[in-house]
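Top line first, the protein sequences correspond to chains A and B.
According to the numbering used here, the first sequence is numbered sequentially starting from 1.
According to the numbering used here, the second sequence is numbered sequentially starting from 1001.
Think of the CB as a built atom: it goes at the ideal place given N, C-alpha and C, for glycine as much as any other residue.
What you are looking at is a predicted structure, and each value in this text was computed from that prediction instead of being measured.
Protein chains: 2
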Amino acid sequence: MPKPHAPDKPAPHAARRSEKSRRAIYDAALALVAEVGYPRTTIEGIAARAGVGKQTIYRWWSSKADVLLEAFLDLSDQASREAGAQDAYVIPDTGDLAADLKAVLRLTVDQLKDPRFEAPSRALAAEGVVNEELGRTFMTKLLEPSLQLYVDRVRAAQEAGQVRRDIDPRIALELWVSPLAQRWLQYTGPISYEYTDTLVDYALHGIAAR
Amino acid sequence: MPKPHAPDKPAPHAARRSEKSRRAIYDAALALVAEVGYPRTTIEGIAARAGVGKQTIYRWWSSKADVLLEAFLDLSDQASREAGAQDAYVIPDTGDLAADLKAVLRLTVDQLKDPRFEAPSRALAAEGVVNEELGRTFMTKLLEPSLQLYVDRVRAAQEAGQVRRDIDPRIALELWVSPLAQRWLQYTGPISYEYTDTLVDYALHGIAAR
């Protein structure tokens, strides 16, 4: 994914101006997609709303999909920092898998209920359902990297002897991630900490009688 | 949901004509929503494509959402009949919960891959993500009744002593339904019988080491 870049050796005021434009473009892109949907969001519209020239956007990104993907990554980073996470790209490993998964899922519940996140995320997710190319890009660049954090955490638990060796971590994580995602996407039920805690318990111990 | 009704004591040819119109309207509604999306699907467009008057549609349904919901119910009924299910509204109870769940999920995999089903279902699901009222209607009338079949089957397994009594069946079913739904909606991974079989095994027995 292209990262915005300033000209070589920028003067300090130029770097500040670039950072301000970049932030304005992200905000405009997220607001616009939430209001009019992905198909009617355009580079021109983002530029007008951000108060920058269209060429400023094209200098940094090649398409509206790229602008939006990066705006979402930035939004997630912000949310993680505000939640006090030291590093957004690690799931804690205290040695207690259930507790670690429950803690991360509670942060996800907070994020799904955050209005800054909700409307633009829904607009992008909805488009991904009917636009396979965008859906796959969205999956590869936004969803899959965060799912891989769970893969790593489940592998560590396998090495610690807490999860069975024959379990595929990439499928296992769907037992807690997907129910939460479906309740959010399709209104199939309420979202709460109690709910995500329950998912983790069921996923770890199964529902069958012993 | 309103069901189409013929006038009192219709002559046989009038009933046949009604049935033919009803089928043409369902087909037109599903084709149109797949092609242009939910927001641009109109009663006028459905009527024109079905070759019936707009008033024929308004006599039987009050909105395009109603037409589409019924068209989807009819499509599911057809798919179930073709798959040889005796009754689309029952999950088998052979006494082997894992086998019964795997069998039903394999039929769902087939349905998700059926092109007649895929495009209109994606169009409706995408709209439900950004249109909460439609999303909730879609959930209540289409999704929830099929999820309740799993609730009944899990309850029967609880009574048979195969599933723990403290398990909430309405949450338990999400361990196999939601991962499949998310892979379909968000392209988070391939869909196969092997995959759904694995979900059932993980959900029943958990991933934790014993």
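Taking the Cα positions, residue 96/A is about 27 Å away from residue 78/A. In the structure shown, the three-state DSSP call for residue 1209/B is coil. For residue 1129/B, the three-state secondary structure derived from DSSP is helix. In this structure the region 1184-1201 of chain B lies against the region 141-156 of chain A, because at least three pairs of beta carbons, one per stretch, are closer than 8 Å. In this chain, the alpha helix (DSSP H) harbouring residue 1176/B covers 1174-1186. For residue 198/A, the nearest CB of chain B lies under 8 Å from its own CB, placing it at the interface with that chain. The criterion of a C-beta distance shorter than 8 Å is satisfied by residue 1109/B and residue 1192/B. In this structure, the alpha-carbon of residue 1158/B lies about 43 Å from that of residue 133/A.
Under the Cβ criterion of 8 Å, residue 1041/B is not counted among the residues facing chain A. Residue 1201/B and residue 1137/B have their C-alpha atoms spaced approximately 32 Å apart. Taking 8 Å as the cut-off, the beta carbon of residue 1025/B is found closer than this to the beta carbon of residue 1050/B. Note that the region 1201-1210 of chain B touches the region 154-168 of chain A; at least 3 beta-carbon pairs, one per stretch, sit closer than 8 Å. Inside the region 1044-1124 of chain B, DSSP marks no whole beta strand (DSSP E) run of 3 or more residues. Excluding residues up to 5 positions away in sequence, 105, 108, 109, 112, 191, 195, 196, 199 lie with their Cβ nearer than 8 Å to the Cβ of residue 180/A in the same chain.
Judged by beta-carbon spacing, residue 1038/B lies within the 8 Å limit of residue 1124/B, meaning their Cβ atoms are closer than that value. Distance from the CA atom of residue 1155/B to the CA atom of residue 1169/B, rounded to whole angstroms, is 7 Å.
Taking C-beta atoms as the reference points, residue 176/A and residue 68/A fail to come closer than 8 Å. The C-alpha of residue 1052/B is placed about 14 Å away from the C-alpha of residue 1061/B. The Cβ of residue 132/A sits closer than 8 Å to at least one Cβ of chain B. Within the same chain, and ignoring the five residues on either side of residue 1032/B in sequence, the residues whose Cβ sits closer than 7 Å to its Cβ are 1041, 1045, 1046, 1049. With respect to the 8 Å criterion, residue 126/A and residue 1119/B are not classified as neighbours on the basis of their beta carbons. Using a CB distance cut-off of 8 Å, residue 1174/B counts as an interface residue toward chain A.
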